[in-house]
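> Submitted below is the structure of interest, expressed as structure tokens.
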Amino acid sequence: MKKALVLAFVVATATSLSACGFALRGSDRTAAVIAPTNLSTQLILEDNQFALGLKRPLVKRLQLLGVSEQATAANTVKVDNLRLRRYELVGTLTEVRLVMMADVSYTIGGQTHRAPVQVEQSYQYNEASVVTVDQQGEKTKTRLYDHLAQRIAEQYYAKAKL
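Numbering (mature numbering (1 follows the signal peptide of the UniProt record, and there is no 0)), first residue to last: -19 to -1, 1 to 143.
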């Protein structure tokens, strides 16, 4: 009798959880309010090696946020003065810090917002190693492009939904 009572209590508790405010992702009605009204943008990048490395991750990050890239869009994301700096603390085990910076202007609904964006990452490089190529540095540059693109896309998304 006691086991049946405990079992009934557990079943009743489990079925009442749906009434406690738990909801599945994607079923929330406020998702339409959060989405930006400016769902397309034009990317304007410099014509150089650094900007070429940023374009693909930036387009990908914007698409993940639901923003499409169109050449004829009224809203623009302009990336200028993209640069990469390398700082080293030299020794047998060299500490390398890579800093990627860009001056970004967002034109949304006729208003222009300018903001410098910077990302950085550090790694250690063994100068005494037989390998002469800094493979970790190349991987770190790729990650920096992705992080910078993520930051730019998130800033555009935040400004576009206002």
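In this text, a Cβ means the ideal position worked out from N, Cα and C, and glycines have one as well.
Since the model is a prediction, treat every value here as computed from it, not as a measurement.
Bridge partners of Pro38, per DSSP?
Paired residue(s): none; Pro38 is not in a bridge.
> Sort Val58, Thr75, Lys140, Gly90 by Cα distance to Asp115 and report the nearest one.
Comparing Cα positions, the closest option is Thr75.
> Between which two residues does the beta strand (DSSP E) carrying Glu76 extend?
Unbroken beta strand (DSSP E) run through Glu76: 74 to 89.
> Run through the DSSP bridge pairs and tell me what Leu26 is partnered with.
Beta-bridge pairing links Leu26 to Val60.
> From which residue to which residue does the alpha helix (DSSP H) around Gln116 run?
116 to 141 is the span of the alpha helix (DSSP H), which, as asked, contains Gln116.
> What residue from Lys120, Arg67, Tyr106, Val80 has the CA that sits closest to Pro97's CA?
For the residues Lys120, Arg67, Tyr106, Val80, the minimum Cα distance to Pro97 belongs to Val80.
> Can Leu(-13) be considered in contact with the ligand HEM, in the sense that its beta carbon sits closer than 7 Å to one or more heavy atoms?
For the structure depicted, the ligand HEM is absent and the ligand set is empty, with no information on it obtainable.
> Assign Arg66 to buried or exposed, taking buried as 16 or more other Cβ atoms, counted over all protein chains shown, within 10 Å of its Cβ.
Exposed, since its Cβ has fewer than 16 Cβ neighbours within 10 Å.
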